[in-house]
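Have a look at the structure below before the remarks.
Chains as they are written, first to last, in this note's numbering: chain A, 13 to 157; chain B, 121 to 632.
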């Protein structure tokens, strides 16, 4: 997969960091603002996807990236389940129990476990979106060979 | 609420855990996911038996510990009552034997680790559907099971498998849309998604046009999911294209967990039983029973024949359900309704066992010969005695020859129809039985008797496949004893009680 022109490369280089930070903002403010893990995760994946579109990656690198990304996806969903299970063992026997203190409503450090759920949903969704993109790219590369 | 009720979350936590650990474990110890999944399904089976037989009481569990505000339930609730327990037993029984069978069968496929992830997710989805007490949560679990089954149908990646999967996805997507639409309308009307609460609110009002419309939308949606006849287009392709252990789960339990179970739950427990709706359901059942059997006679592909016969056998269950609903709606004798519901539940369980077994048999024939067309086979009885014997038992069960289990459940449905003076439906049941006999005699003759079409360069199936098939054969005999009332009261009656106390479901809310 070949890259694009120098103008696109330079713009994407500047933009992708901003997109990534914006994604992190949406993920971390999921419990007090509109948005959350899913929305933010898609934005996070977008920052990687524009980089690959602009710079282009060779086939073998794509394969390796797909392996690593799917590992991320796998681990984050497992951690989510463990968070849910931790509610069971935190004394109350309720699955998905939010046992941390809720804090002051409207502030960033509040909502008990919800920000953690948002964080790992963000990683999971971002990794999933990226894996889908990589799988389609790899398929295209394989078909053009 | 007692402390050990958290156990019921394990029914979907365990398969989820297994599904997410499998790909990680596969990186370190390749092939370990076979053992993991089989052990997990076995643990689920033990857990189900424990919950159903030792802990016989309704459990209402609030996920996240959300207490109801006043009398309004907030949050998601899981409800384990007799009907849910009965369905859990069915799902996990077939799930275990399929996973056990797959140990050997999936060796010839590449990408086995994805297979085990998907099968765990499908079992989690089905367990979630039958445990959920919340309409939208039920929808989410149903979609989880459906999405994994789309991927599993296309697992072989051949052209016809991809086409079958695509067709299944389009029709399944339409069904999901209709179901979501129905749920939304119901939410609009009642402002709640908790099924017990909806049942409570609808109990006092008569069925108006709005509720009837919602019911028709939902019948269409779940009709597609359970492949009743005008909506059956996806089933023969999808169920015949999947790998055989998956076909056994799809045909054995998926169409029941995400179709018939929800029909039962919604139309008997949640909605006020209505005579016309009952007539619609019974007619759909009767038509599927008859047309499905006719389609099965003509099929030459082994797995297609079994898929068509699934439509027909599911028709028996749905017709029994419709009959029982009619009796309840007319306010007649409850014992008549009890007989039909017993027949329907019993036949549902039996069908999951013998159709699961038949698909496993078709799988071992395909594993040995590589062929699915019956005309290319013949004389296999000599080479595959175990498969031959187990196919014989399963065929006799599905046809309804005593002493196998299928006889008793069909008998119950037909006797119930005669008792209720629905002679046409009773006659239809008998005629379909005869057509089924023809179908399965044809299946036996083409596949196992006659002149061998092959030079013998293959033998009997591997060990795990054989053990799985033999266990299901034993079950085909053992389930016949469910006709004895004392045994039946242990297994079927809890589910029956749930169906008979139509308004009882509305009390299954936390805090009431």
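A virtual CB, placed ideally from N, CA and C, is assigned to each residue, including glycine.
Within-7 Å CB hit, residue 130 of chain A to chain B: no
Classification of residue 462 of chain B by the beta-carbon crowding that lies within 10 angstroms, buried from 16 upward: buried
Between the CA atoms of residue 473 of chain B and residue 432 of chain B - distance to the nearest angstrom: 15 Å
The segment 372-384 of chain B touching the segment 416-428 of chain B, judged by at least three CB pairs closer than 8 Å: no
Interface flag, residue 98 of chain A vs chain E, CB-CB below 7 Å: Structure shown: chain E not included; protein chains present are A and B.
Secondary structure of residue 181 of chain B, DSSP reduced to three states: strand
Opening and closing residue of the beta strand (DSSP E) in which residue 41 of chain A lies: No beta strand (DSSP E) holds residue 41 of chain A; DSSP gives it neither H nor E.
Contained alpha helix (DSSP H) runs [length at least 4] in the segment 484-536 of chain B, N- to C-terminal order: 505-519
Unbroken stretches of the beta strand (DSSP E), 3 residues or longer, contained in the segment 411-451 of chain B: none
Span of the beta strand (DSSP E), counted from its first residue to its last, around residue 352 of chain B: Counting along the chain, residue 352 of chain B falls outside any beta strand (DSSP E), and DSSP gives it neither H nor E.
Option in B:385, B:396, B:297 with minimal Cα separation from residue 624 of chain B: B:385
Short Cβ contact (7 Å threshold) for residue 269 of chain B with residue 370 of chain B: yes
Residue 252 of chain B - partner residues in DSSP beta bridges: B:198
Within-7 Å CB hit, residue 183 of chain B to chain A: yes
Cα-Cα separation between residue 274 of chain B and residue 239 of chain B, rounded to whole angstroms: 13 Å
Interface partners of residue 150 of chain B on chain A, CB under 8 Å: By Cβ distance, chain A contributes nothing, its closest Cβ being about 15 Å from residue 150 of chain B, past 8 Å.
Local Cβ density within 10 Å of residue 335 of chain B, reported as buried at 16 or more and exposed below that: buried
Any 3 or more C-beta pairs closer than 8 Å across the segment 520-538 of chain B and the segment 597-607 of chain B: yes
Alpha helix (DSSP H) runs contained entirely in the segment 275-324 of chain B, provided each spans 4 or more residues: 279-310, 315-323
Within chain B, the residues that residue 108 of chain A reaches when beta carbons sit closer than 7 Å: 183, 184
Residue 398 of chain B beta carbon less than 7 Å from that of residue 449 of chain B: yes
Per-residue contacts from residue 104 of chain A into chain B (C-beta, under 7 Å): 185
Test: residue 80 of chain A CB closer than 7 Å to a CB of chain B: no
Sufficient close CB pairs (3 or more, under 8 Å) joining the segment 87-95 of chain A to the segment 70-77 of chain A: no
The alpha helix (DSSP H) enclosing residue 605 of chain B, as first and last residue numbers: 605-620
Own chain, CB closer than 7 Å to residue 521 of chain B, minus 5 neighbours either side, in chain order: 527
Closest by C-alpha distance to residue 392 of chain B, when choosing among B:415, B:324, B:330, B:347: B:324
Among A:45, A:22, A:15, A:55, the one whose alpha carbon lies nearest that of residue 141 of chain A: A:55
Short CB-CB distance (under 7 Å) between residue 126 of chain B and chain A: yes
Exposure of residue 16 of chain A, with buried meaning 16 or more beta-carbon neighbours within 10 Å: exposed
Same chain only: Cβ atoms within 6 Å of residue 332 of chain B, ignoring 5 sequence neighbours per side: none
Alpha helix (DSSP H) segment containing residue 340 of chain B, residue limits: 329-345
Under the three-state DSSP convention, the category residue 632 of chain B falls into: For residue 632 of chain B, the predicted model reports a pLDDT of 46, less than 50, meaning its position is unreliable; a value from the coordinates is still stated below. Three-state DSSP puts residue 632 of chain B in coil, outside helix and strand.
Test: residue 125 of chain A CB closer than 7 Å to a CB of chain B: no
Proximal chain B residues relative to residue 56 of chain A, where beta-carbon distance stays under 7 Å: The contacting residues do not exist; residue 56 of chain A stays about 20 Å from chain B at best.
Closest Cα partner of residue 599 of chain B within the set B:587, B:589, B:612: B:612
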